[in-house]
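Counting in the working numbering, the first sequence runs from 57 upward without gaps.
Each residue gets a CB set at the ideal place from its N, CA and C atoms; glycine is no exception.
Below: one structure, written as C-alpha cells.
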Amino acid sequence: MSKRTSPALASHVPEAQRLSTIRGPLLAWYDRERRDLPWRRTRDAYAIWLSEVMLQQTQVSTVIPYWERFLARFPTVEALAQAPLEEVLTGWKGLGYYSRARNLHRAAQEVVARFGGRLPSTAEELLTLPGFGRYTAGAVASIAFGEQAPLVDGNVARVLSRLFEVEGLPGDRAREARLWELARALVQGERPGDFNQALMEHGATVCRPESPLCLLCPVRTACGAFKRGRVDELPPAKVRAPPKRLTLVLAVWPHEDALLFARRAEKGLFGGLWELPAAEVEPEAEHTVAAESLSKALGVQVAPEAELGTVRRQLTHRALTLRLLRVSGPRRPSRAPAFHELRWCTPDQAAGLGMSTAMLRALEAALAAGVLGR
DNA sequence: CATCCGTGGCG
DNA sequence: TCGCCAAGGAT
C-alpha cells in the first residue's frame with residue numbers, strides 16, 4: 057500500500073476484520089435455512105439467467121410458475137432465439153415489465169450469433185447483452201459460473217446499509233458506490249454464487265424492510281444498525297413521485313362472434329402486447345370525442361354506440377382508467393396507423409394472445425356487458 | 001440523474 | 001381502499 061492511500065479507502069481498512077466475521081456465518085446460515093427454489097436445483101446457465109430476469113422487481117412466489125412454464129416452452133437459448141417475439145410475449149403475459157421479455161429474446165439471438173449459443177461466463181461479457189445490467193450480470197456470472205462478481209439488489213442494499221450503516225437516499229451516487237464496494241469485498245472467496253444468494257435470501261427473509269427478525273440474524277453482532285438501534289431508520293425509504301393519471305378509451309367493436317384486437321407498438325407501456333384498440337383521451341372526454349380519437353388511431357371513422365363501463369387499474373407510477381366504448385364502422389380495417397397489427401378474434405382466440413392483465417380485466421368487463429350476446 | 005416500465009401481496 | 005414495495009434496466 058502506498059502512503060498516498062485516499063482517505064476514502066483508508067477509512068475502510070478496519071472493516072477487513074468485520075468483513076470476515078460476516079461472510080462465514082451468513083454462508084452457514086444459508087446452508088441451513090435456504091428456501092428450496094426450482095432454479096436452485098439446476099446448473100443450466102440459461103435457466104438461471106431466466107430466473108434472474110423474471111425476478112427483477114418481482115416476488116419469488118409470482119415467478120415460480122412462470123419460470124417453469126416458460127422453460128418448458130422455450131427449453132434452450134436456441135429455442136428462445138428462434139421463437140417469434142409474439143410467442144415470447146405470450147409466455148410472459150401477466151408478469152409485467154414486458155421490456156424484460158423483449159430484451160431476453162434479443163439477448164438470446166445475440167448469444168446464438170456471437171457466442172455460439174453458449175452464454176458467456178463473465179460479468180463483463182454478459183454486460184454487453186440486452187437486459188443485462190450490473191445486477192443481472194453479477195448474478196449470472198457468480199451463480200451460474202462461479203465468478204467472484206458482486207451484486208447489489210434491493211435486498212443487498214438494505215442488508216449492507218444496516219450492517220455498515222451506509223447513509224444516503226436510494227439513488228445517491230456515493231451510497232451506490234459504497235454498496236457495490238462492500239459487495240465486491242464480501243464476495244471474494246469460496247462459493248461466490250451461494251454467498252450472493254445468501255445475502256439476498258437474508259434480506260428477503262430476515263433482514264426484511266418492515267419488522268426485521270434481528271433475534272434470528274446470524275450476523276447481528278457485526279451489525280452497526282442493530283448495535284445503535286437504527287434498524288428501523290436504515291435504509292431510508294425512497295421518495296416516490298405520485299402516480300400520473302392516464303385515461304384510455306378502448307374500442308369494443310363486435311362483428312359476429314369476434315371483437316377487434318390490436319397489437320401495440322414495441323416501445324412504451326405494454327409494448328408489443330395485444331389489446332382492445334386503445335387511444336389516450338382527456339379524463340372527462342365526451343364519447344363523441346373519444347370515438348374521434350379511436351377513428352384516428354384505427355384509420356377508419358367509427359361511431360360511438362354505447363359506453364360499456366370503466367375499469368381502473370393501479371400501476372406503480374400510473375393510475376390507469378380504461379373506458380370501454382362500443383363502436384361500429386362502415387368497413388372492417390385490417391391495418392391501422394397506430395398499431396402494429398389488427399386481428400378479429402373470438403374470446404377463446406383472444407385468450408391465447410399476449411395481453412396485459414389490465415387489458416384482460418377490460419375484456420372481461422366488455423364480455424360481461426354482453427357485447428357478444430350471452 | 002430522473003423517469004419510465006406491471007403486477008400481486010401485504011398491513 | 002390505499003400505499004408501499006420486490007432478485008432492475010434502458011433512455
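Which listed residue (P360, G202, A334 and G172) has its alpha carbon closest to that of V345: In the first sequence, residue 345 corresponds to position 289, counting from 1. Of the candidates P360, G202, A334 and G172, P360 places its Cα closest to the Cα of V345.
Kindly identify the DSSP beta-bridge partner or partners of P360. The residue labelled residue 360 in the question sits at position 304 within the first sequence. DSSP lists V383 as partners of P360.
With H, G and I counted as helix, E and B as strand and the rest as coil, what does DSSP make of K300? Position 244 of the first sequence, counted from the first residue, corresponds to residue 300. If DSSP states are grouped into helix, strand and coil, K300 belongs with the strands.
Applying the 10 Å Cβ sphere with the 16-neighbour rule, what's the burial state of A66? The count along the first sequence starts at 1 and reaches residue 66 at position 10. Residue confidence is low: A66 scores 40 on pLDDT, short of 50, so the model does not pin down where it sits. Its coordinate-derived value is still stated next. It counts as exposed.
Please confirm if the segment 368 to 375 is in contact with the segment 294 to 303, defined as three or more CB-CB distances below 8 angstroms between the two stretches. The segment 368 to 375 makes contact with the segment 294 to 303, as at least three CB pairs between them are under 8 angstroms.
Is the beta carbon of L354 closer than 9 angstroms to that of A307? For the purposes of this step, residue 307 is identified with residue 251 of the first sequence, where counting begins at 1. For the purposes of this step, residue 354 is identified with residue 298 of the first sequence, where counting begins at 1. The beta carbons of A307 and L354 sit closer together than 9 angstroms.
From L160, S198 and E223, pick the residue whose C-alpha is nearest to that of T178; which is it? By 1-based counting over the first sequence, the position of residue 178 is 122. When each option's Cα is compared against that of T178, the closest is S198.
Alpha carbon of T402 to alpha carbon of S155, nearest angstrom: Here residue 402 is taken as the residue at index 346 of the first sequence, counted from 1. Here residue 155 is taken as the residue at index 99 of the first sequence, counted from 1. Cα to Cα, the separation comes out at about 27 angstroms.
Excluding sequence positions up to five away, which residues of its chain have a Cβ less than 6 angstroms from the Cβ of A341? The sequence position of residue 341 within the first sequence is 285, counting from 1. Answer for A341: no residue qualifies.
Strictly by DSSP, which residues pair up with C401? Translated into the one-based positions of the first sequence, residue 401 becomes position 345. For C401, which the question treats as bridged, DSSP gives the partners L315.
Taking the alpha carbon of P274 as the reference point, which residue from L238, Q73 and R79 has its own alpha carbon closest? Taking the first residue of the first sequence as position 1, residue 274 is located at position 218. Ranking the options by Cα distance to P274, first place goes to R79.
Return the bridge partner residues of Q370 from the DSSP annotation. Within the first sequence, the letter at position 314 stands for residue 370. According to DSSP, which records beta bridges pairwise, Q370 is partnered with A375.
Out of A394, A205 and L111, which has the shortest C-alpha to C-alpha gap to L160? What you label residue 160 is simply residue 104 of the first sequence in a count that begins at 1. For L160, the closest C-alpha among the options A394, A205 and L111 is that of L111.
With a 10 Å radius around its C-beta and 16 neighbouring C-beta atoms as the bar for buried, classify D485 as buried or exposed. Nothing about residue 485 can be read from this structure; the chain reaches only from 57 to 430.
Taking the beta carbon of P333 as the centre, do at least 16 other beta carbons fall within 10 Å, making it buried, or is it exposed? The count along the first sequence starts at 1 and reaches residue 333 at position 277. By the neighbour-count criterion, in which 16 or more other beta carbons inside 10 Å mark a residue as buried, P333 falls on the buried side.
How big is the Cα-Cα spacing for E336 and A128? For the purposes of this step, residue 336 is taken as residue 280 along the first sequence, with counting starting at 1. For the purposes of this step, residue 128 is taken as residue 72 along the first sequence, with counting starting at 1. Going from the Cα of E336 to the Cα of A128 covers about 37 angstroms.
Buried versus exposed call for K59 [16 or more other C-beta atoms within 10 Å across all chains shown]: Position 3 of the first sequence, counted from the start, is the residue given in the question as residue 59. Per-residue confidence for K59 stands at a pLDDT of 34, beneath the threshold of 50, marking its modelled position as unreliable; the derived number appears in the next sentence. The residue in question, K59, is exposed, as its Cβ has fewer than 16 Cβ neighbours within 10 Å.
Does the Cβ of A205 lie closer than 8 angstroms to at least one heavy atom of the ligand GTP? For the ligand GTP, the structure offers nothing, since it holds no ligand at all.
Cα-Cα separation between A64 and A318, rounded to whole angstroms: Looking up residue 64 in the first sequence gives position 8. Looking up residue 318 in the first sequence gives position 262. The predicted model places A64 with a pLDDT of 44, which falls under 50 and marks its position as unreliable, so this point remains unresolved.
Close beta carbons around L269, own chain, < 6 angstroms, minus the five adjacent residues each side: In the first sequence, the residue the question calls residue 269 occupies position 213. So the list reads V262, once near-sequence residues are dropped.
For A414 and R369, I'd like the C-alpha separation in whole angstroms. The sequence position of residue 414 within the first sequence is 358, counting from 1. The sequence position of residue 369 within the first sequence is 313, counting from 1. When rounded, the distance between both Cα atoms is 6 angstroms.
Take G173 and list the residues in its own chain whose beta-carbon comes closer than 7 angstroms to its own, dropping the five residues that flank it on each side. Against the first sequence, residue 173 aligns to sequence position 117. These residues qualify, in order along the chain: V133, E134 and V167.
Residues in the same chain with beta-carbon distance under 7 angstroms from T224, minus the five sequence neighbours each way, listed in chain order, please. Position 168 of the first sequence holds residue 224. Here the sequence assigns Gly to residue 224, which means Thr is not the residue at that position. For G224, where only same-chain residues beyond five positions count, the Cβ hits under 7 angstroms are A230 and R231.
Classify S412: buried if its beta carbon has 16 or more other beta carbons within 10 angstroms, exposed otherwise. Sequence index remark: in the first sequence, residue 412 carries index 356 (1-based). So S412 counts as buried.
Under 8 angstroms by Cβ, that's how I've got Q204 and Q253 pegged, so tell me the actual separation to the nearest angstrom. Along the first sequence, read from residue 1 onward, the residue named residue 204 stands at position 148. Along the first sequence, read from residue 1 onward, the residue named residue 253 stands at position 197. No, Q204 and Q253 are not in contact; Cβ-Cβ is about 14 angstroms, not under 8 angstroms.
Whose CA, out of S390, P389, V367 and A392, lies closest to the CA of L419? In the first sequence, the residue the question calls residue 419 occupies position 363. Closest option to L419, judged by alpha-carbon separation, among S390, P389, V367 and A392: V367.
Just mark P140 as buried or exposed, buried being the case when its beta carbon has 16 or more other beta carbons within 10 Å. Numbered from its first residue, the first sequence carries residue 140 at position 84. Counting the other CB atoms within 10 Å of its CB gives P140 a total below 16, which places it among the exposed residues.
Reference R286; option with closest CA among G227, A347, A169 and V215: Locating residue 286 in the first sequence gives position 230, where the first residue counts as 1. It is V215.
Quick check: what's the CA-CA separation for G210 versus K149? Counting from one through the first sequence, the residue named residue 210 turns up at place 154. Counting from one through the first sequence, the residue named residue 149 turns up at place 93. A direct Cα-Cα distance of roughly 24 angstroms separates G210 from K149.
Of all the options T277, G410 and A157, which has the alpha carbon lying nearest to the alpha carbon of E331? As a working mapping, residue 331 is identified with position 275 in the first sequence. Taking the Cα of E331 as reference, the smallest distance to any Cα among T277, G410 and A157 is reached at G410.
Find the nearest neighbour of T114 within the set G152, D250, R88 and P81, judged by alpha-carbon distance. The residue labelled residue 114 in the question sits at position 58 within the first sequence. Looking only at G152, D250, R88 and P81, the smallest Cα-Cα distance to T114 is reached by G152.
Output needed for L175: all residues of its chain with C-beta closer than 8 angstroms, excluding positions within five of it in sequence on either side, in chain order. Along the first sequence, one-based indexing puts residue 175 at 119. The residues are A101, Y102, W105, V133, V167, L182, V196 and A200.
Suppose you measure from the CA of R264 to the CA of T184; what does that come to, to the nearest Å? Locating residue 264 in the first sequence gives position 208, counting from the first residue. Locating residue 184 in the first sequence gives position 128, counting from the first residue. If you take the alpha carbons of R264 and T184, they lie about 32 angstroms apart.
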